[in-house]
Amino acid sequence: MNEKAFIDELSRRFPNEPEYIQAVEEVVNSIGDVYDKYPAFQRVNLLERLCVPDRIVSFRVSWVDDKGNVRNNMGYRVQHNNAIGPYKGGIRFHSSVNLSILKFLAFEQTFKNSLTTLAMGGAKGGSDFSPRGKSDMEVMRFCQAFITELYRNLGPDTDVPAGDIGVGAREVGFMFGWYKKMTREFTGTFTGKGLDFGGSLIRPEATGYGNVYFLLNMLATRGIDIKGKAVAISGSGNVALYTAEKLLQLGAKVISFSDSDGAIVVPEGITQEQFQEIFDLKTLYRGRIKEFADNHPDICTYYPHERPWKHVRADIAMPSATQNEVDGDDARALLANGCIAVSEGANMPSTPDAIREFQAARILYAPGKAANAGGVSVSGLEMAQNSQKLNWSSEEVDARLKDIMANIHAQCEKYGKEEGSDYIDYVRGANTAGFLKVARAMMAQGVY
Ligand code: NDP
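In the working numbering, the protein residues as written are 294 to 741.
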């Protein structure tokens with residue numbers, strides 16, 4: 294395969310989609326060897342069919358705000374690939390959302406879902422609507438207008454959305470309610486639902502907990518104990534908070550959080566009580582992370598408009614906010630300050646330059662598509678419970694989550710271990726394992 298020619302041609306056809314091209318380039322560069330091993334792939338132009346989404350739905354969403362003004366946003370659903378199961382992937386509501394970002398997320402989701410070993414294809418959707426500063430009623434009216442356009446493309450065996458940035462239990466509840474109203478059916482078409490109407494225990498925790506379980510598997514390959522390690526986290530949303538919760542349970546020190554206004558750093562690590570304060574601030578009051586710094590000036594420094602990476606002495610970094618939030622300079626600063634592992638909670642948080650730095654330093658580095666697959670895995674378990682009309686206990690779901698993360702780690706090790714050394718290239722491992730399953734399914738199903 295001529296990787297460069299392929300990427301050049303894709304960039305020519307989709308010139309204004311840098312995040313999408315970035316995600317495809319990373320995968321294409323790491324599966325070249327295995328792709329070339331099977332000439333049949335090339336004969337059916339499998340790569341291009343795997344990289345270009347099956348379908349994109351885009352639409353205008355008009356809704357009325359509390360003052361009676363009519364507001365317009367864009368809505369999208371990218372149905373990337375359903376070779377191994379129904380389309381599955383979150384919905385993002387954030388002012389930065391555009392087609393390039395959703396195409397990269399849907400592409401990544403396809404490989405991630407393949408790694409989970411559950412029957413789920415890849416998709417992603419969203420809108421440039423930002424729930425921040427909106428009332429509950431405004432968010433509800435927006436969600437209803439969004440689903441009025443999208444519902445025809447969804448279904449329990451067709452496409453099953455979930456949450457992502459800006460979409461939590463509240464938004465999923467509103468979308469599910471309106472979907473049910475439009476279709477007159479109660480089906481498990483959304484995951485991340487409330488526990489009273491089909492949600493799974495451990496789903497809110499799953500991405501953060503899963504990332505920590507993946508990290509434990511990585512650390513075990515080098516005989517490193519998590520206890521007492523200083524961990525820098527970015528973000529302070531769903532993924533960041535549950536990552537911190539699990540780390541504190543295991544005796545690690547959590548030394549940072551952030552949001553889109555800035556970062557806080559607590560060099561000695563937060564206590565359990567301080568974690569609860571941050572958790573309540575973010576989940577009950579939808580507050581800003583700066584408020585914690587204002588309340589604790591003695592232990593905490595606030596860095597407005599910055600990310601934590603250059604200000605922490607961290608053994609481990611777990612970026613859990615958004616894409617491209619760790620650049621080459623951040624990576625060099627983390628390494629200079631003794632970072633030995635990076636496990637990504639967010640999707641594609643490290644730039645290609647940062648990944649090169651981590652890999653050149655041969656630290657433990659896990660890409661989001663492997664490390665943050667716990668969320669969609671428990672979404673898959675939610676789908677299974679919904680179709681059986683059963684609820685599993687939290688112990689059962691948590692045990693399955695641990696198994697799935699261990700299995701994803703094993704697949705990364707199988708396909709990513711460098712010959713003649715103990716080093717595991719988790720990027721190559723995850724991409725190759727994820728690719729092979731989808732590729733085999735596409736080969737078996739013919740060209741369409
Ligand atoms: P939330 O909306 O709950 O939290 C997102 C956090 O990141 C907030 O603190 C937010 O700050 C911050 N953030 C968002 N955008 C930016 C930005 N452009 N610059 C700086 N900070 C930003 O989302 P999640 O925790 O669910 O998602 C976080 C990441 O994890 C995303 O990359 C998502 O795709 C990924 N992920 C999520 C999964 C899930 O199950 N939820 C599953 C797998 C991956 P602010 O409040 O100021 O916007």
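Cβ atoms here follow ideal geometry from the backbone N, Cα and C, with glycine treated the same way.
Counting Cβ pairs, one atom from each stretch, are 3 or more of them under 8 Å apart for the stretch 522-529 and the stretch 538-550?
yes
Would you call Tyr535 buried or exposed, if buried means 16 or more other Cβ atoms sit within 10 Å of its Cβ?
buried
State the start and end residues of the unbroken alpha helix (DSSP H) segment that holds Gln315.
311-330
In chain order, what residues of the same chain have a beta carbon less than 6 Å from the beta carbon of Val320, not counting five sequence neighbours either side?
Asn724
Residues bridged to Arg385 by DSSP?
Gly419
Reduced DSSP category for Gly739 - H, G, I as helix; E, B as strand; rest coil
Gly739 sits in coil when the DSSP states are folded into three classes, being neither helix nor strand.
Can you pull the DSSP bridge partners for Thr594?
Val558
Cβ-Cβ separation, Gly727 to Ser323 (assumed contact under 8 Å), whole Å
Actually they are not in contact, since the Cβ atoms of Ser323 and Gly727 sit about 10 Å apart, beyond 8 Å.
When the Cα atoms are used, what is the spatial distance from Glu650 to Ala629?
So the two alpha carbons sit approximately 11 Å from each other.
Residue interval of the alpha helix (DSSP H) (run including Lys546)
Lys546 -> not in any alpha helix (DSSP H); beta strand (DSSP E) instead, spanning 546-552.
Just verifying my parser: in three-state terms, what is the DSSP assignment at Asn640?
coil
Excluding the 5 residues preceding and the 5 following Thr644 in the sequence, name in chain order all residues of the same chain whose CB lies nearer than 6 Å to its CB.
Asn617, Asp620
Is the distance from the Cβ of Thr594 to the Cβ of Val558 below 8 Å?
yes
Tyr741 burial status per 10 Å Cβ neighbour count (16 or more: buried)
Classification of Tyr741: exposed, given that the 10 Å Cβ count is below 16.
Between which two residues does the beta strand (DSSP E) carrying Ala659 extend?
657-659
Three-way DSSP call (helix, strand, coil) for Ile377 in this model
coil
Which value, in whole angstroms, describes the spacing of the CA atoms of Glu689 and Val432?
Answer to the nearest angstrom: the Cα atoms are 34 Å apart.
Just to check my reading of the structure: Met771 and Arg353 have Cβ atoms closer than 8 Å, yes? What is that Cβ distance to the nearest angstrom?
Examination of residue 771 is not possible in this model, given that the chain is present from 294 through 741 alone.
In terms of DSSP beta bridges, what is Ala654 paired with?
Answer is none; Ala654 lacks a bridge partner.
For Lys662, decide whether its Cβ has a neighbour in chain D, counting only Cβ atoms nearer than 8 Å.
Here there is only one protein chain, and chain D is not present.
Does DSSP put Trp602 in a helix, a strand or coil?
helix
According to the Cβ coordinates, are Ser670 and Ala533 closer than 8 Å?
The beta carbons of Ser670 and Ala533 sit no closer together than 8 Å.
Does the beta carbon of Glu312 fall short of 7 Å from some heavy atom of the ligand NDP?
no
At what residues does the beta strand (DSSP E) containing Ala523 begin and finish?
Its beta strand (DSSP E) spans residues 523-526.
I'd like to confirm something about Asn665: is its beta-carbon nearer than 7 Å to some heavy atom of the ligand NDP, or not?
yes
Residues in its own chain within less than 7 Å of Ser388 by CB, not counting five upstream and five downstream?
Asp421, Ser423
Beta-carbon separation of Gly503 and Met698 under 8 Å?
yes
Using a threshold of 7 Å, is the CB atom of Thr500 nearer than that to any non-hydrogen atom of the ligand NDP?
yes
Boundaries (first-last residue) of the alpha helix (DSSP H) holding Asp301:
296-306
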